[in-house]
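One structure below.
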Amino acid sequence: MTISNQLLLRFLTLKLYNKTQKTQTKTGEQKMYKEKDVIIAGKKQKKKIPIEEPTSLFINGKHFKTFMITPEMKKEFTIGHLICEGLVSKPKEIESIDIEGNEINAILKGYKQQPSQGLIVSGCGGGTNYLDEENLPKIKNTKKFNLKQINQFMIEVLETGKSSGLHSSGIKSQTQNFQKIIKDIGRHNTIDKIVGAAIKQKINLKNCYIVSTGRMSSDMALKCAKAGIPIAGSHRSLTTLAIEIGEKTNLTILGKLSKPKKTEIYTNPNQIK
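Start counting at 1 in the sequence shown, then tack on 1295, and there's your number in the working numbering.
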């Protein structure tokens, strides 16, 4: 991306962002929803609509990506995205994260500059069209995870996100007293945010599992694998490439988790009890 194109993208992002600033509370915290007028059965009503706003990530001073996200937990999102995309291998490689409005500036140690990836819309995570098998991570896990507990957590995540208009994902530790459920306009964004939230709490990701209300696609499976999380699942369907990633990275992938008697184990069943 040329400098002029970067400047244009930044200008458009700022213009879009400024339109969302009325959603801020008096304390400066942003809401996840904005009330809009809607006609239902001929009657005008107010309805809470999920907010989608552009947020740009700059790494070591240069534009990396602009995302469409739900405007909260931006620091957790950044930490998780850097880990889940393999841009850093350990949290200590992140020297600092500064957030100002819709711009996130991250300073990383030993980072090799990459081309700007432009705008990533909320409906996709950037895409995984092929597998670079040489660079795929290998999850090292000898523990077994209780399937009934995973089913129960999936049902809890579904209940939390019911009628929200947002995707929900949850992360839970099998050995530490930690669980987190997060909602966002993009299902892949929820993975970044829950991983970031766990890292902030110094949770060992190797003892965690992730569940999501969204379809487990290849980009989501790869995020989990790069974060070192051994179990990932959804109450919905999966894709063939997600299953292939599970097979090659030792990630156990589960489907139909909200139906305990019909739960599907696609890969690495040895990690489930």
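Backbone N, C-alpha and C fix where the C-beta goes; we use that ideal spot for every residue, glycine too. All of these numbers come straight from a predicted model, not from anything done at the bench.
Is the beta carbon of Pro-1386 closer than 8 Å to that of Ile-1374?
Note that the C-beta distance between Ile-1374 and Pro-1386 is below 8 Å.
Assuming Met-1511 and Ile-1548 form a contact by the criterion Cβ under 8 Å, report the distance between their Cβ atoms to the nearest whole angstrom.
Distance from Met-1511 to Ile-1548 at the Cβ level is roughly 6 Å; contact confirmed, criterion being Cβ atoms closer than 8 Å.
Please report the straight-line C-alpha distance between Gly-1509 and Ser-1532, rounded to a whole angstrom.
Cα to Cα, the separation comes out at about 8 Å.
Pairwise C-alpha distance: Lys-1488 and Phe-1372:
In a straight line, the C-alpha of Phe-1372 is about 4 Å away from that of Lys-1488.
Pick out whichever of Ile-1480, Tyr-1504, Gly-1481 and Lys-1475 has its Cα sitting closest to the Cα of Lys-1495.
Distances from the alpha-carbon of Lys-1495 to those of Ile-1480, Tyr-1504, Gly-1481 and Lys-1475 put Lys-1475 closest.
Buried/exposed call for Ile-1526, threshold 16 Cβ in 10 Å:
So Ile-1526 counts as buried.
Quick check on Asn-1565: buried or exposed, where buried means 16 or more other Cβ atoms within 10 Å of its Cβ?
Asn-1565 is exposed by the Cβ-count criterion.
What residue ranges within the region 1310-1392 form continuous beta strand (DSSP E) runs of no fewer than 3 residues, ordered along the chain?
Listed in chain order, they are 1328-1335, 1338-1345, 1348-1354 and 1357-1364.
Any idea if Pro-1410 is buried or exposed, counting beta-carbon neighbours within 10 angstroms, 16 or more meaning buried?
Counting other Cβ atoms within 10 Å of its Cβ, Pro-1410 stays below 16 and is therefore classed as exposed.
Flag this pair as yes or no: are the beta carbons of Ile-1477 and Met-1368 separated by less than 8 Å?
For Ile-1477 and Met-1368, yes; Cβs fall inside 8 Å.
Taking 7 Å as the limit between beta carbons, can you name the residues of its chain near Asn-1446, skipping five residues before and five after?
Correct list, in chain order: Leu-1552, Pro-1555 and Thr-1558.
Just curious, the beta strand (DSSP E) that Ser-1464 is in, first and last residue?
Unbroken beta strand (DSSP E) run through Ser-1464: 1462-1468.
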